[in-house]
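These notes are about the structure you will find just below.
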Ligand SMILES: C[S@@+](CC[C@H](N)C(=O)[O-])C[C@H]1O[C@@H](n2cnc3c(N)ncnc32)[C@H](O)[C@@H]1O
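In the working numbering, the protein residues as written are 3 to 262.
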């Protein structure tokens, strides 16, 4: 799908918070190479470089739109266009960091062990992925697809479990790690504006489906979804909308490092 960095970054604060929560749980002291996998618009580059100023930072993403924004905004960092499914570094890196990207890829039972292998022994793989797909924000996308004239076109794109349960990641990673911390967190996002939940998903999960439709179906699909999601997240008395959002975090240290 095509990405719209401006729509995505409308909720920069809500999207940044889990990225910071992940970053502060990585104990790496002075990594030489840090890779931001699925780096998007590169907005995490200053934070990663602030944490590890000596590191060589490489952002990897498949979206030309996101990378164009990343290169314009962060000329000091290096960005590569690549599909994470097949991307592997020329030699293992010290920190492989990924915020809100790996749920776009399938076959996590193969992906996560392969990414761990892309880290040096003693190095760190850290990932955060949304796990909100059962909540109305995302479930109403599937309902809108299933109950409209676009069903045949859009249903094949539906992925029912983009992020697995925490135990799944423990099972696929524990054998190759000497430290493994997995947790979930639900952020109660209090959001401003008209139908902010629809605006939020339009910058990420919803867009892949909108992109497949032509007008007037695209507009009809979006209007149908917006109606459903507005009913599921009514405004509070102060005009704000509460949008609970669950996320899964993984911080894994590859086994076999010095002293291990
Ligand atoms: C929700 S954005 C997150 C961007 C950034 N990490 C952040 O936290 O702001 C997801 C990013 O993952 C990228 N992405 C999705 N699938 C990918 C793939 N197979 N290979 C590389 N990047 C991918 C998208 O292009 C997009 O920029």
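Here a beta-carbon is modelled for each residue, glycine too, at the ideal position from N, C-alpha and C.
Taking 8 Å as the upper bound for CB-CB distance, residue 174 and residue 243 are not in contact here, some 36 Å apart. Judged by pairs of C-beta atoms under 8 Å, the segment 184-201 touches the segment 234-253, as three or more such pairs exist.
In terms of Cα proximity to residue 260, the closest of 132, 246, 122 and 151 is 122. Secondary structure at residue 74: helix, using DSSP grouped into helix, strand and coil. At a threshold of 7 Å, residue 68 counts as near ligand 1, since its beta carbon sits closer than that to one of the ligand's heavy atoms.
Setting aside the 5 residues that flank it on each side, residue 166 is surrounded in the same chain by 110, each with a C-beta closer than 8 Å to its C-beta; the list follows chain order. The alpha carbon of residue 7 has as its nearest neighbour, out of 33, 43, 13 and 19, the alpha carbon of 43. DSSP places residue 165 outside both helix and strand once states are collapsed to three, so it counts as coil. In this structure, ligand 1 has a non-hydrogen atom nearer than 7 Å to the beta-carbon of residue 46. The three-state reading of DSSP puts residue 121 in strand, counting E and B together. With respect to residue 47, residue 97 sits apart: the two C-beta atoms are not nearer than 8 Å. If you ignore the 5 residues before and after residue 67, its C-beta comes within less than 8 Å of the C-beta of 4, 5, 6 and 7, all in its own chain and listed in chain order. Taking non-hydrogen atoms of ligand 1 into account, the C-beta of residue 229 is found less than 7 Å away from none of them. Under the Cβ criterion (8 Å, minimum of three pairs), the segment 132-152 counts as touching the segment 206-216. Burial state of residue 153 is exposed, judged by a 10 Å Cβ sphere holding fewer than 16 other Cβ atoms.
Setting aside the 5 residues that flank it on each side, residue 247 is surrounded in the same chain by 134, 189 and 191, each with a C-beta closer than 6 Å to its C-beta; the list follows chain order. Here the alpha carbons of residue 71 and residue 168 stand approximately 33 Å from one another. Residue side-chain check: residue 62 places its Cβ nearer than 7 Å to a non-hydrogen atom of ligand 1.
Setting aside the 5 residues that flank it on each side, residue 211 is surrounded in the same chain by 156, each with a C-beta closer than 6 Å to its C-beta; the list follows chain order. Relative to ligand 1, the nearest heavy atom lies less than 7 Å away from the CB of residue 85. The alpha-carbon separation between residue 213 and residue 256 amounts to approximately 39 Å. Within the same chain, Cβ atoms closer than 7 Å to the Cβ of residue 117 are found at 98 and 127, the five residues on either side in sequence being excluded.
When rounded, the separation of the alpha-carbon atoms in residue 87 and residue 108 is 8 Å. Rounded to whole angstroms, the Cβ separation of residue 104 and residue 178 is 17 Å, and the two are not in contact under 8 Å.
Taken in chain order, the complete alpha helix (DSSP H) segments of 4 or more residues contained in the segment 173-208 are 198-204.
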